[in-house]
Amino acid sequence: MISVSGTFLDCEGSGLYLLQSNHSCIPNAEITFPNNNHKLVLVAKENISQGEEICTCYLSECDVSRSRHSRQKFLKENYLFTCGCVKCLSEADQADVTSEEEEEDEENDME
404 MISVSGTFLD
414 CEGSGLYLLQ
424 SNHSCIPNAE
434 ITFPNNNHKL
444 VLVAKENISQ
454 GEEICTCYLS
464 ECDVSRSRHS
474 RQKFLKENYL
484 FTCGCVKCLS
494 EADQADVTSE
504 EEEEDEENDM
514 E
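Using this note's numbering, you'd call the opening residue of the sequence shown number 404 and step up by one each time.
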C-alpha cells in the first residue's frame, strides 16, 4: 500500500478506490471494512461470471431507492459521471419525477 500525505488528501475526489469495480445502482458486489481494521474487502453479493464487470454502488441504501433523476444528479455532482447501469437505462423512458421529500433534501443540501 502506498502512503500519501500532504495536499493530496485535501483534493476533491481523493480517497481509497478499487481499480477493478465500477458503479451500478444494482451492484453485484459490495465494499466492507471488516472489524474496522482499515482493510477494504470486496464481497460478491451474487455469483459473478468470468468476464462479467464487478460493480459496487456509490450511493447509500437510501439514495439508491430514489428516482433516476435524483440518483443521476447526485452522481454527476459528486462523482462527475452519468450512470448508464441497467437500472438507470430501464428507467430512462419513465418521467423523471423527483418526490417532494427528495426536493426538500436537495434544498437542504444547498444551505
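We put the CB at the ideal spot given by N, CA and C, even for glycine.
Distance between beta carbons of residue j and residue i, contact taken as under 8 angstroms
| i | j | result |
| --- | --- | --- |
| A495 | C458 | No, A495 and C458 are not in contact; Cβ-Cβ is about 18 angstroms, not under 8 angstroms. |
| Q475 | C465 | About 16 angstroms separates the two Cβ atoms, so there is no contact after all. |
| I429 | V489 | 6 angstroms |
Backbone secondary structure at residue i - three-state DSSP
| i | result |
| --- | --- |
| C488 | coil |
| E433 | strand |
| V446 | strand |
| H426 | strand |
| C460 | coil |
Reference residue i, options the options, closest by Cα
| i | options | result |
| --- | --- | --- |
| G462 | D499, H426, V500 | Checking the displayed sequence, the identity of residue 462 turns out to be Leu instead of Gly. Measuring from the Cα of L462, the nearest candidate turns out to be H426. |
| S424 | V446, K442, P437 | V446 |
| Y497 | P430, I434, S470, G454 | According to the sequence provided, residue 497 is Gln. The question's Tyr does not apply to it. Nearest of P430, I434, S470, G454 to Q497, Cα basis: S470. |
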